[in-house]
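So the structure is just underneath, and the comments pick up after that.
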Amino acid sequence: MKRLVFGLVFLGLPLSSAYAKKVTTCMSYLVGATSEMTCSGDYNGKATMVDLYKKGWKYLGNISGTSKFVLVFEK
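Just so we're on the same page, our numbering is the position in the sequence shown counted from 1, plus 1.
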C-alpha cells in the first residue's frame with residue numbers, strides 16, 4: 002500500500018507543474034524598470050516591470066527577432 006501511495010505521489014509531482022498559468026506579453030521600444038509597456042494576454046493594459054512585479058507577475062524572458070522588445074511574464 003505504501004508503494005502505491007508513493008508511486009501516485011511521485012507520478013503526480015511532474016504533472017503538478019503542467020497546469021495552466023497566466024501568461025502575458027508586453028511590448029516596448031525601451032526596457033527598464035519604470036518604462037511603460039503595452040501588455041496583452043492575461044493582463045491587458047499599460048504597465049511597468051515594477052507594476053507587474055507588485056501584482057505577482059514574474060519575468061520569463063523575451064521574444065527576439067522583432068523590432069520592439071517583447072517581454073514574457075507569468076503568474
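C-beta: ideal position from N, C-alpha, C; glycine also.
Owing to the predicted nature of the structure, the values given are computational and were not obtained by experimental measurement.
(request) Could you pull out every residue in the same chain whose Cβ sits closer than 6 Å to the Cβ of V73, ignoring the five residues on either side in sequence? (result) T26, L61 and G62
(request) Kindly indicate the opening and closing residues of the beta strand (DSSP E) around V24. (result) V24 to S29
(request) Could you name the residues of the same chain whose beta carbon sits closer than 7 Å to that of G42, not counting the 5 residues immediately before and after it, in chain order? (result) V24, T25 and T26
(request) Specify the secondary structure class of V10 as computed by DSSP and reduced to three states. (result) For V10, the predicted model reports a pLDDT of 41, less than 50, meaning its position is unreliable; a value from the coordinates is still stated below. Residue state, collapsed to three classes: helix.
(request) Could you give the DSSP three-state label for V73: helix, strand or coil? (result) strand
(request) Please list, in chain order, all residues of the same chain as T35 whose beta carbon is under 7 Å from its beta carbon, the five residues on each side excluded. (result) T49 and V51
(request) Could you please give me the residues that DSSP links to N63 through a beta bridge? (result) L72
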